[in-house]
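There are 2 protein chains.
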Amino acid sequence: MRVGGHSERRVKVSLLEGSRRQTCSDCVVRGFAICAALDKTELWELANLSRHIHCEPGTTVFAQATMATSFFSVLEGVLRLYKLLPDGRRQIIGFALPGDFVGLAGSPQYEFSADAIGAVVLCQFSRASFARFAENRPRFLRRINELAGRELSRAQEHMVLLGRRSAEEKVASFLIGWRDRLAEIGSAGGVLPLPMGRLDIADYLGLTIETVSRTFTKLERDGIIRILTGGISLLDAARAEALSAA
Amino acid sequence: MRVGGHSERRVKVSLLEGSRRQTCSDCVVRGFAICAALDKTELWELANLSRHIHCEPGTTVFAQATMATSFFSVLEGVLRLYKLLPDGRRQIIGFALPGDFVGLAGSPQYEFSADAIGAVVLCQFSRASFARFAENRPRFLRRINELAGRELSRAQEHMVLLGRRSAEEKVASFLIGWRDRLAEIGSAGGVLPLPMGRLDIADYLGLTIETVSRTFTKLERDGIIRILTGGISLLDAARAEALSAA
DNA sequence: TCAAATTATTGATCGAAGTCAAAGACGGTT
DNA sequence: AACCGTCTTTGACTTCGATCAATAATTTGA
């Protein structure tokens, strides 16, 4: 039974149930995805290079060290992006949300793996045709730079978290960061859905599943969050932010 | 006195003593820096936007959260790039070597600080004029993408290191990675100069200075490295690589 | 609606890395 | 060459998070 008197049946939280469209011009992520930099004609051209794909929960979209033949833009759902060590240790390097562009790599192979958490819809481009399309479109190239810069900046913030923060700070930072990312893509507040499991959170934060679980429990005991099935509710955002900042 | 019978006076190792030129076309880093994508005319134009600056050891080139008015390309020496937490904890997110381009940020403020380790020569660009120069040069923009992608890929590898590797693996990975980066820019082998101090290494690896020192000593006891002042010699590269990979 | 499988929580114990403290080595200066 | 300040190494001890192990909650599927 849960500690702290919260043994009632947990409220179920779900996430990002959008409608599906088939044309780029009224795409769900049109405003903030890679294609935000394009005009109508270009959009139509790019549409002809793309196809939508639907992934079942748990599907691997692409695997580390395989040939990087495609790029993807997330339309719906969440991907976990991770790298594996030869002995099976896993580091999740990020979660991709609607609007995120995934698969850009320096090398001809993917440098990490990506799989679907829950159902996912992707916009797929062949690497070659995408590169050809981008080649002489400075506006588009600048847009790619912009997204890559944002990605890099997130990676740097994550290095600080992994290298220099305590377990409690890590979990609090994760919750605040997740909340902010959902807010960016326009998700409701109040309750925070966490579609990924504890193991994913652990592998994202460089912790074990037990430590994550204990830390969630501690945050709940301290009145900072309320644990729900499939998510949490942020009872004391200010305190969580304080933990997450310092 | 050193453990293991290595108490003789240590050999001093120094690094990257190149000659200085004032024109772009025979710049030391011409082959692999950002400007590798430019033709003669463009190079001349870009040269007019840049000035060389020399930094004393320890100088801060730019500080986190200040206005990002300039970009830099490293010509000689090494910069440490780091983020600070409010309470003073530091995470070094990378070392910038000759050819590296530094200061690209999503935001108008620098997202990390950079200071010189030893003497450093930089090629400085004003952000605004650099952006204007790049704006309509797809080749140049693609070059920026390429460098940013490499940077991102390094950051991802570093997240795995910080989140999922033991102290010994961290130190071994650092040494192998450093060796490979020096090799890329054409540095001699045999002895590996380490211009940064133990504290820098610790803050890069998410460890304390004591743990780094103990780990160096252990690697030396195990016959994998030999500790020299200002560097190490890799006695058993294969064993170090094994530690660093798995 | 119940049983099996999966995922999350909790407890007890262990160990890798951190902390505190002291000594040793090195580099610069006079 | 001797002194001073800084950086590095080593030792003793502590602690945070990992590991091992069991229980509880939730989901799935017949």
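If you read the protein sequences in the order shown, they are chains G and U.
Numbered according to this note's numbering, the first sequence spans residues 1146 to 1391.
Numbered according to this note's numbering, the second sequence spans residues 1146 to 1391.
Glycine included, every Cβ here is placed at the ideal spot set by N, Cα and C.
Note that the structure is a prediction, hence the values are computed from the model and not measured.
Quiz item: Just reading off the alpha helix (DSSP H) that glutamine 1301 of chain U is part of, what are its end residues?
Solution: In the second sequence, counting from the first residue as 1, residue 1301 of chain U sits at position 156. Per DSSP, glutamine 1301 of chain U belongs to the alpha helix (DSSP H) from 1283-1309.
Quiz item: Can the beta-carbon of isoleucine 1262 of chain U be found closer than 8 Å to that of tyrosine 1349 of chain U?
Solution: Along the second sequence, one-based indexing puts residue 1262 of chain U at 117. Along the second sequence, one-based indexing puts residue 1349 of chain U at 204. Result no, Cβ atoms of isoleucine 1262 of chain U and tyrosine 1349 of chain U do not sit closer than 8 Å.
Exercise. Report yes if the CB atom of valine 1316 of chain U is closer than 8 Å to the CB atom of serine 1378 of chain U, and no otherwise.
Key: Taking the second sequence and counting its residues from 1, the one referred to as residue 1316 of chain U is at position 171. Taking the second sequence and counting its residues from 1, the one referred to as residue 1378 of chain U is at position 233. It is not a contact, given that the beta carbons lie outside the stated cut-off.
Practice problem: Measure the C-alpha to C-alpha separation of leucine 1388 of chain U and glutamate 1329 of chain G and round it to an integer number of angstroms. | Solution: In the second sequence, the residue the question calls residue 1388 of chain U occupies position 243. In the first sequence, the residue the question calls residue 1329 of chain G occupies position 184. In a straight line, the C-alpha of leucine 1388 of chain U is about 41 Å away from that of glutamate 1329 of chain G.
Self-check item: DSSP-derived helix/strand/coil call for valine 1173 of chain U
Solution: Stepping through the second sequence from its first residue, residue 1173 of chain U is reached at position 28. Note: valine 1173 of chain U maps to coil in three-state DSSP.
Quiz item: Could you give the C-beta distance for serine 1218 of chain U and cysteine 1268 of chain U, rounded to a whole number, given that I count them as a contact under 8 Å?
Solution: For the purposes of this step, residue 1218 of chain U is taken as residue 73 along the second sequence, with counting starting at 1. For the purposes of this step, residue 1268 of chain U is taken as residue 123 along the second sequence, with counting starting at 1. Right, the Cβ-Cβ distance comes to about 4 Å (below 8 Å), so this counts as a contact.
Quiz item: Name the residues in the region 1209-1238 of chain U whose C-beta lies less than 7 Å from a C-beta of chain G; which are they?
Solution: Lys1228, Leu1230, Pro1231, Asp1232, Arg1234, Gln1236 and Ile1238
Quiz prompt | Contacts of glycine 1342 of chain U in chain G (Cβ-Cβ under 7 Å) | solution = Along the second sequence, one-based indexing puts residue 1342 of chain U at 197. Simply none; closest approach about 17 Å.
Exercise. Measure from the C-beta of alanine 1293 of chain U to each C-beta in chain G and report whether the shortest distance is under 8 Å.
Key: Along the second sequence, read from residue 1 onward, the residue named residue 1293 of chain U stands at position 148. Judged by the 8 Å Cβ criterion, alanine 1293 of chain U is in contact with chain G.
Quiz item: the region 1249-1269 of chain G: which residues have C-beta closer than 9 Å to a C-beta of chain U, in chain order?
Solution: Leu1249, Ala1250, Gly1251, Ser1252, Glu1256 and Phe1257
Quiz item: So, does the CB of glycine 1351 of chain G fall closer than 8 Å to a CB anywhere in chain U?
Solution: Translated into the one-based positions of the first sequence, residue 1351 of chain G becomes position 206. Yes, contact with chain U.
Quiz item: Hey, how far is the Cα of threonine 1144 of chain U from the Cα of phenylalanine 1257 of chain U?
Solution: A question about residue 1144 of chain U goes unanswered here, because the residues of chain U that appear run from 1146 up to 1391.
Self-check item: DSSP state of leucine 1224 of chain G mapped onto helix, strand, coil
Solution: Your numbering for residue 1224 of chain G matches position 79 in the first sequence. Looking at leucine 1224 of chain G - three-state DSSP - the assignment turns out to be strand.
Quiz item: Got a sec: is the Cβ-Cβ distance from glycine 1203 of chain U to anything in chain G below 8 Å?
Solution: The residue given as residue 1203 of chain U occupies position 58 in the second sequence. For glycine 1203 of chain U, the answer is no, since every Cβ of chain G falls outside 8 Å of its Cβ.
Quiz item: From the beta carbon of valine 1305 of chain G, is the nearest beta carbon of chain U less than 8 Å away?
Solution: Locating residue 1305 of chain G in the first sequence gives position 160, where the first residue counts as 1. Output row for valine 1305 of chain G: interface = yes.
Exercise. Give me the Cβ distance between proline 1253 of chain G and glutamate 1221 of chain G, rounded to the nearest whole Å; I'm assuming they're in contact under 8 Å.
Key: For this step, residue 1253 of chain G is matched to residue 108 along the first sequence. For this step, residue 1221 of chain G is matched to residue 76 along the first sequence. Between glutamate 1221 of chain G and proline 1253 of chain G the Cβ distance is about 29 Å, and since that is not below 8 Å, they are no contact.
Practice problem: Classify glycine 1239 of chain U as buried or exposed, calling it buried when 16 or more other Cβ atoms lie within 10 Å of its own Cβ. | Solution: As a first step, residue 1239 of chain U is located in the second sequence; it is residue number 94 there, counting from the start. Burial call: buried.
Quiz item: Using the beta-carbon of each residue, which ones in chain G are nearer than 7 Å to glutamate 1280 of chain U?
Solution: As a first step, residue 1280 of chain U is located in the second sequence; it is residue number 135 there, counting from the start. The answer, in chain order, is Pro1283.
Self-check item: Residues sharing a beta bridge with proline 1253 of chain G, DSSP
Solution: One-based indexing of the first sequence puts residue 1253 of chain G at position 108. Answer by DSSP bridge pairing: none, since proline 1253 of chain G is not bridged.
Practice problem: Please report how far the alpha carbon of phenylalanine 1177 of chain G lies from the alpha carbon of alanine 1385 of chain U, in whole angstroms. | Solution: Taking the first sequence and counting its residues from 1, the one referred to as residue 1177 of chain G is at position 32. Taking the second sequence and counting its residues from 1, the one referred to as residue 1385 of chain U is at position 240. Going from the Cα of phenylalanine 1177 of chain G to the Cα of alanine 1385 of chain U covers about 44 Å.
Quiz item: If you draw a straight line from the alpha carbon of valine 1206 of chain U to that of tyrosine 1227 of chain U, how long is it in whole angstroms?
Solution: On the second sequence, position 61 is the one that residue 1206 of chain U refers to. On the second sequence, position 82 is the one that residue 1227 of chain U refers to. When rounded, the distance between both Cα atoms is 12 Å.
Quiz item: How would you list, in chain order, the residues of chain U whose beta-carbon sits under 8 Å from the beta-carbon of alanine 1391 of chain G?
Solution: Start at 1 with the first residue of the first sequence, and residue 1391 of chain G comes out as number 246. Those are Leu1230, Pro1231 and Asp1232, listed as they occur along chain U.
Quiz item: Counting contacts by CB-CB distance shorter than 8 Å, is arginine 1288 of chain U in contact with chain G?
Solution: Indexing the second sequence from 1 puts residue 1288 of chain U at position 143. No, because no Cβ of chain G sits closer than 8 Å to the Cβ of arginine 1288 of chain U.
Practice problem: From the DSSP output, in three-state form, read off serine 1258 of chain G for me. | Solution: Here the question's residue 1258 of chain G lines up with position 113 in the first sequence. Strand.
Quiz prompt | Residues that arginine 1309 of chain G contacts on chain U, provided the C-beta gap is smaller than 7 Å | solution = Reading the first sequence from its first residue, position 164 is the one you call residue 1309 of chain G. Within chain U, the residues near arginine 1309 of chain G are Leu1230, Arg1234, Gln1236 and Gly1351.
Quiz prompt | Residues that serine 1298 of chain U contacts on chain G, provided the C-beta gap is smaller than 8 Å | solution = Counting from one through the second sequence, the residue named residue 1298 of chain U turns up at place 153. Within chain G, the residues near serine 1298 of chain U are Ala1250, Gly1251, Ser1252 and Glu1256.
Self-check item: Rounded separation between serine 1126 of chain U and cysteine 1180 of chain G - CA only
Solution: Residue coverage of chain U in this structure runs from 1146 to 1391, which leaves residue 1126 of chain U outside it and unanswerable.
Self-check item: Nearest-angstrom Cα separation, counted from leucine 1297 of chain G out to alanine 1210 of chain G
Solution: In the first sequence, the residue the question calls residue 1210 of chain G occupies position 65. In the first sequence, the residue the question calls residue 1297 of chain G occupies position 152. Cα-Cα distance, rounded: 21 Å.
Quiz item: Which runs of the beta strand (DSSP E), 3 residues or longer, sit entirely within the region 1181-1216 of chain G?
Solution: 1195-1200 and 1205-1207
Quiz item: For alanine 1391 of chain G, does the count of other Cβ atoms within 10 angstroms reach 16, so buried, or fall short, so exposed?
Solution: Residue mapping note: residue 1391 of chain G aligns to position 246 of the first sequence, counting from 1. Label assigned to alanine 1391 of chain G: exposed.
Quiz item: What is the rounded straight-line gap between the Cα of arginine 1225 of chain U and the Cα of alanine 1259 of chain U?
Solution: One-based indexing of the second sequence puts residue 1225 of chain U at position 80. One-based indexing of the second sequence puts residue 1259 of chain U at position 114. Computed Cα separation, rounded: 6 Å.
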